[in-house]
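Novice: In the numbering used here, the protein residues as written are 28 to 356. Before anything else, here's the structure in question.
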Amino acid sequence: MRLLVTGGAGFVGSQFVRATLLGELPSGTDTRVTVLDSLTYAGNEANLGPVTGHPGLRFVRGDIRDREVVDAVAAGQDAVVHFAAESHVDRSVVDASPFVSTNVLGTQVLLDAARRHRVGRFAHVSTDEVYGSVAEGSWTESSPLAPSSPYAASKAASDLMVLAYHRTHGMDVTVTRCSNTYGPYHFPEKMIPLFVTNLLDGRTVPLYGDGRNVRDWLHVSDHCRGVDLVLRRGRAGEVYHVGGGTELSNRELTGRLLAACGAGWDSVVRVADRKGHDLRYSLSVAKIREELGYEPLTGFDAGLAGTVAWYRDNRDWWEPLKARAGLPT
Ligand code: NAD
């Protein structure tokens, strides 16, 4: 199988590429991967370190909005697995332009190239944030989209574009909507890696508002197993949820992170809440479980312990990133 993986130097995309080429995913045994990534501040070739030099890997530095580049790499592929995106909600609150440009326009450029080259399947990777906030119960794949942030709105727009290419052009597309993902190689501006790296350095951590906001946590290896299952066996034109099954308030999560890093609540600084901050996300995973047999395999406690250990052991990876990004502590 020949895969074009966009955003393959980012957090989730690089896990997918590593797992595929190292044979940790079923589609990996005979797969050749072309990574297309423009290496924004969030992209990092070092994330592909464990598979550098692998005969099945080709890395192309390029932008998904660049029609010529996209056309060249789409030719001859069996499938596109589309991770590339601007992904940080806080940045979309400050400036939504790159989010609309990459997430919406970039997706449309890719869809057109995939169609021109008759790529077999277009597996679009999306997020539970497209649904907004849910007070009780869990979203199903047919729940209405009600995004709160410009990031979530741009992802919802890209999902609808992908599904429209299925209806209009008969393209073979799938959409996965995944919950908050954590694990190694996560850019240290997001909550878990920011808190862990600050705490490892004896610094404080910023907790939004009253910390009541609830998220469902999914280990990055389970996220990629879900994407791989849907890529290989999902039905065309369908949306599938990939959830982790561990709902925690940010306050509860903070408590776990403090304990894991040997710090106390005096390390926590309350900061003004994020604008438009959704209170709760919750995905039903009944569809992917019943149709494709998906279950998350990494329990949260083990996953978090492994993640903290990885950051403890890989300062060389995150220290320069934090310094370059001028991240507040
Ligand atoms: P990330 O920010 O770590 O990585 C994004 C990657 O895309 C980077 O390597 C970046 O260089 C690349 N990229 C950005 N703009 C590009 C462009 N115009 N052209 C080419 N490459 C470009 O993001 P992530 O956390 O790995 O998320 C990957 C996907 O998974 C996104 O689509 C995101 O919406 C989705 N997702 C993420 C999570 C999560 O919690 N991390 C949860 C659900 C869904």
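C-beta: ideal position from N, C-alpha, C; glycine also.
(1) Could you tell me if the beta carbon of ALA112 falls within a distance shorter than 8 Å of some heavy atom in the ligand NAD?
(2) How is LEU310 classed by DSSP in three states: helix, strand or coil?
(3) Measuring only from the beta carbon, is ASP90 closer than 8 Å to any heavy atom that is part of the ligand NAD?
(4) Shorter than 8 Å, the distance from the beta carbon of VAL60 to the closest heavy atom of the ligand NAD, or not?
(5) How would you write the range of the alpha helix (DSSP H) that SER169 sits in, first residue to last?
(6) Should VAL39 be listed as close to the ligand NAD, given that the test is whether its C-beta is under 8 Å from any heavy atom?
(7) What's the call for GLY349, buried or exposed, on a 16-neighbour Cβ count within 10 Å?
(8) Sorted by chain position, which residues of the same chain lie with C-beta nearer than 7 Å to TYR338's C-beta, five sequence neighbours on each side aside?
(9) Strictly by DSSP, which residues pair up with ASP243?
(10) Verify the contact flag: PHE214, CB atom, against every heavy atom of the ligand NAD, threshold strictly below 8 Å.
(11) Which ranges does the beta strand (DSSP E) cover as unbroken runs of at least 3 residues, wholly within the stretch 91-149, from first to last along the chain?
(12) In this structure, what does DSSP give as the bridge partners for VAL39?
(13) Tell me, which residues are paired with LEU63 by DSSP?
(14) Say the cut is 8 Å; is the CB of GLY159 nearer than that to a heavy atom of the ligand NAD?
(15) Would you check if the distance between the CB atom of ARG59 and the CB atom of LEU75 is smaller than 9 Å?
(16) What does SER4 pair with, by DSSP beta-bridge criteria?
(17) Give a single yes or no on whether LEU331 has its beta carbon closer than 8 Å to a heavy atom of the ligand NAD.
(18) What is the residue span of the beta strand (DSSP E) that LEU234 lies within?
(19) What is the rounded straight-line gap between the Cα of MET218 and the Cα of ARG92?
(20) Is CYS251 close to the ligand NAD? I mean its beta-carbon at under 8 Å from any heavy atom of the ligand.
(21) Measuring only from the beta carbon, is LEU63 closer than 8 Å to any heavy atom that is part of the ligand NAD?
(22) Can we count LEU84 as close to the ligand NAD, meaning its CB is less than 8 Å from some heavy atom?
(23) Quick check on DSSP: helix, strand or coil for TYR192?
(24) Cβ-heavy atom distance between ASP357 and the ligand NAD below 8 Å?
Specialist: Put simply:
(1) Within the sequence shown, the letter at position 85 stands for residue 112. For ALA112, the Cβ falls inside the 8 Å cut-off from some heavy atom of the ligand NAD.
(2) Walking along the sequence shown from the start, residue 310 turns up at place 283. Looking at LEU310 - three-state DSSP - the assignment turns out to be strand.
(3) Start at 1 with the first residue of the sequence shown, and residue 90 comes out as number 63. ASP90 Cβ: within cutoff of the ligand NAD.
(4) Along the sequence shown, one-based indexing puts residue 60 at 33. No; taking the cut-off as 8 Å, the Cβ of VAL60 has no heavy atom of the ligand NAD nearer than that.
(5) Within the sequence shown, residue 169 is the residue found at index 142, counting from 1. Note, SER169: premise wrong, no alpha helix (DSSP H); not H, not E.
(6) The residue labelled residue 39 in the question sits at position 12 within the sequence shown. Answer for VAL39: yes, Cβ within range of the ligand NAD.
(7) As a first step, residue 349 is located in the sequence shown; it is residue number 322 there, counting from the start. At residue 349 the sequence reads Lys, which differs from the Gly that was named. Buried, since its Cβ has 16 or more Cβ neighbours within 10 Å.
(8) Translated into the one-based positions of the sequence shown, residue 338 becomes position 311. Result list for TYR338: PRO220, VAL223, THR224, LEU227 and TRP345, in chain order.
(9) Taking the sequence shown and counting its residues from 1, one reaches residue 243 at position 216. In the DSSP output, where bridge partners are listed per residue, ASP243 has GLU274.
(10) Counting from one through the sequence shown, the residue named residue 214 turns up at place 187. Yes, since a heavy atom of the ligand NAD falls inside the 8 Å radius drawn around the Cβ of PHE214.
(11) Correct list: 106-109.
(12) Counting from one through the sequence shown, the residue named residue 39 turns up at place 12. Partner(s): none; VAL39 has no beta bridge.
(13) By 1-based counting over the sequence shown, the position of residue 63 is 36. DSSP lists THR33 and VAL87 as partners of LEU63.
(14) Walking along the sequence shown from the start, residue 159 turns up at place 132. GLY159: no, Cβ never under 8 Å from the ligand NAD.
(15) Working through the sequence shown from its first residue, we reach residue 59 at position 32. Working through the sequence shown from its first residue, we reach residue 75 at position 48. No, Cβ-Cβ distance for ARG59 and LEU75 is not below 9 Å.
(16) This structure cannot speak to residue 4, because the chain is shown only from 28 to 356.
(17) For the purposes of this step, residue 331 is identified with residue 304 of the sequence shown, where counting begins at 1. No, the ligand NAD has no heavy atom inside 8 Å of this Cβ.
(18) If you number the sequence shown from 1, residue 234 lands on position 207. Its beta strand (DSSP E) spans residues 232-235.
(19) As a first step, residue 218 is located in the sequence shown; it is residue number 191 there, counting from the start. As a first step, residue 92 is located in the sequence shown; it is residue number 65 there, counting from the start. Rounded to whole angstroms, MET218 to ARG92 spans 29 Å at the Cα level.
(20) Start at 1 with the first residue of the sequence shown, and residue 251 comes out as number 224. Answer for CYS251: no, Cβ out of range of the ligand NAD.
(21) If you number the sequence shown from 1, residue 63 lands on position 36. At least one heavy atom of the ligand NAD is nearer than 8 Å to the Cβ of LEU63, so yes.
(22) For the purposes of this step, residue 84 is identified with residue 57 of the sequence shown, where counting begins at 1. Incorrect: LEU84 has no Cβ contact closer than 8 Å to the ligand NAD.
(23) Translated into positions along the sequence shown, residue 192 becomes position 165. In the structure shown, TYR192 sits in a helix (DSSP, three-state: H, G or I).
(24) For residue 357 there is no data in the structure shown, the boundaries of the chain being 28 and 356.
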